[in-house]
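One line per chain: the protein sequences are A and B, in this order. According to the numbering used here, the first sequence holds residues -11 to 124 in order. According to the numbering used here, the second sequence holds residues 4 to 318 in order. All C-beta atoms in this analysis are idealised placements derived from N, C-alpha and C, irrespective of residue type, glycine included. All values reported here derive from a predicted model rather than from experimental measurement. Scroll down for the structure; my scribbles are underneath it.
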Amino acid sequence: MSLKFGEISYEDYPSLINDFTAQLMDDKIMGTQCSDCNEKYFPPRTSCENFHKSQSMGFFEVSREAVLKGFTIIHFAPDSHADKAPYVVAIGELADGLKVLAHLVGITSQPKVGMKMKLKAQKINDERAIYKFTPV
Amino acid sequence: MTGIPTIRVESACATGTAAIITAYNMIKSGFRDSVLVIGAEKMTAVDSAVATTLMARAGDLRWEFPFGCSFPGYYALMATSHMAEFGTTKEMLSAVGVKNHHYGAKNKYAHLRKEITLEEAMKAVQIAYPLNIYDCSLISDGGAAVLLTKESMAKKYTDTPIYIDGIGMGSDTMRMSDRASLSELKGTQTAARSAYKMAGIEANDVDIAEVHDCFTIAEILAMEDLGFYEKGTAGPAVLDQQTYIGGKIPINVDGGLKSKGHPLGATGISQAVELRKQLLGEANDRQVDGASVGLSHNVGQTGQFVNVMIYSRGN
Ligand SMILES: [Zn+2]
């Protein structure tokens, strides 16, 4: 069985996603980094934008500290998420400068751009895992 | 028209201008003398929920779609970012919709010919906060066409041809999270710069603009990224009615995507049709007096495709 990211997917995932999700289930959120130029990538990718060899790309664990850069509260959702609305989709900037789009959960009032958040791993079932933001 | 060679062009919501640019290059290269560019879309064949699901795929499928971010949701992310960075308010967003409905009501080809008040616009049903239904363009059926031909042949078809003076194209990352800023569309800035350069003009030479207001925040971003306003100043300018006829730069005075409608593949061509009318002084009670340079701004997905066209009456 290959592991999948998120609650739904529309494609057969490459092995990178399987490896990423396996670690996500183990509470590790991994990006990839190129050892030739030190460029960091999240979500992880198999090749460096600076045209370095793919053998130079390896996993590293991303920072969990984030700041909210933009958000929306989805009221009218795509079919796949209709029963979950309303929910918050947020873009957070991690302490190492990488940005992540994910749900922001566990909030009691309207989110504020600039608020501090934590990035957390969550296992959905034996096959799937996801990451999400929570307020600090 | 059976037997006439055809080509199909697709660039999401920027398909219309992509088709015009394709035809332009076929003529400029000498491959064809004339090309008829037709855009048509029938979107009401599916209900809004299905359309929402299909359009959500305009985002990054592997890493962002799994979070159920709708197409309005992606623009809503830009809206909250712009609001936090520049103090743009919900009232400013809604004022864009009020203006576009004001002019759409006067346009007999508009899909939703209805004026709305600022109060109605602000209190409407939520789609993706801070965007409500009056911040979102319509799911429309529609079509538009233009005939492109060589300069030397134009007078054979009409005494009043319109010239393509400038074309610019730009793009951006597929993932929203890969963008340095959420408060701008880089592709619009790139496309505008090259279109102005090719036409030999500057932003303040433009007399009338058709911009891609798929959402109200998109019109505010376009006003800034096209160079009509400094970053962060477009919202107050909308409230000040500077984009109405008689203001600094009349924008979407045909109703825009918001009220005229947004049949995806037809939109960029419909902008050309409207600008032709304006440049020839045929827009009746929506006429911008003396308009001689018109700009069309057409965006695909969330800025992955951006085309800017400059049209004029020529010299
Ligand atoms: Zn590298």
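- For L80/B, the nearest beta carbon of chain A is closer than 8 Å to its own beta carbon.
- With respect to chain A, the C-beta atom of Q129/B has a partner C-beta closer than 8 Å.
- For N310/B, the enclosing beta strand (DSSP E) begins and ends at 308 to 315.
- Per DSSP, P123/A lies in no alpha helix (DSSP H); the unbroken beta strand (DSSP E) holding it starts and ends at 116 to 123.
- Here A78/A carries a strand assignment [DSSP, helix/strand/coil].
- Setting aside the 5 residues that flank it on each side, G173/B is surrounded in the same chain by G190, T193, A194, V309, each with a C-beta closer than 6 Å to its C-beta; the list follows chain order.
- If you draw a straight line from the Cα of H91/A to the Cα of G(-6)/A, it is about 11 Å long.
- Beta-carbon to beta-carbon, V296/B and D208/B are separated by about 6 Å, close enough to satisfy the 8 Å threshold.
- At least one heavy atom of ligand 1 falls within 7 Å of the beta-carbon of E27/A.
- In the three-state DSSP reduction, D168/B falls in the strand class (E or B).
- Contact of S143/B with chain A by beta-carbon distance below 8 Å is absent, the smallest such distance being about 17 Å.
- Judged by pairs of C-beta atoms under 8 Å, the stretch 100 to 110 of chain A touches the stretch 44 to 54 of chain A, as three or more such pairs exist.
- Leaving aside the five residues that flank A286/B on each side, the residues in its chain whose CB is nearer than 6 Å to its CB run, in chain order, K280.
- In the displayed model, F47/A falls within a strand according to three-state DSSP.
- Counting the other Cβ atoms within 10 Å of the Cβ of D175/B gives 16 or more, which makes it buried.
- Proximity of T60/A to chain B, defined by a Cβ-Cβ separation below 8 Å, is satisfied.
- When DSSP assignments are scanned along the stretch 142 to 194 of chain B, the uninterrupted stretches of alpha helix (DSSP H) that are 4 or more residues long and fall wholly within it turn out to be 154 to 160.
- Of the candidates I119/B, G169/B, G42/B, T55/B, the residue whose Cα lies closest to the Cα of Y199/B is G169/B.
- At a cut-off of 8 Å, the C-beta of V124/A has no neighbouring C-beta in chain B.
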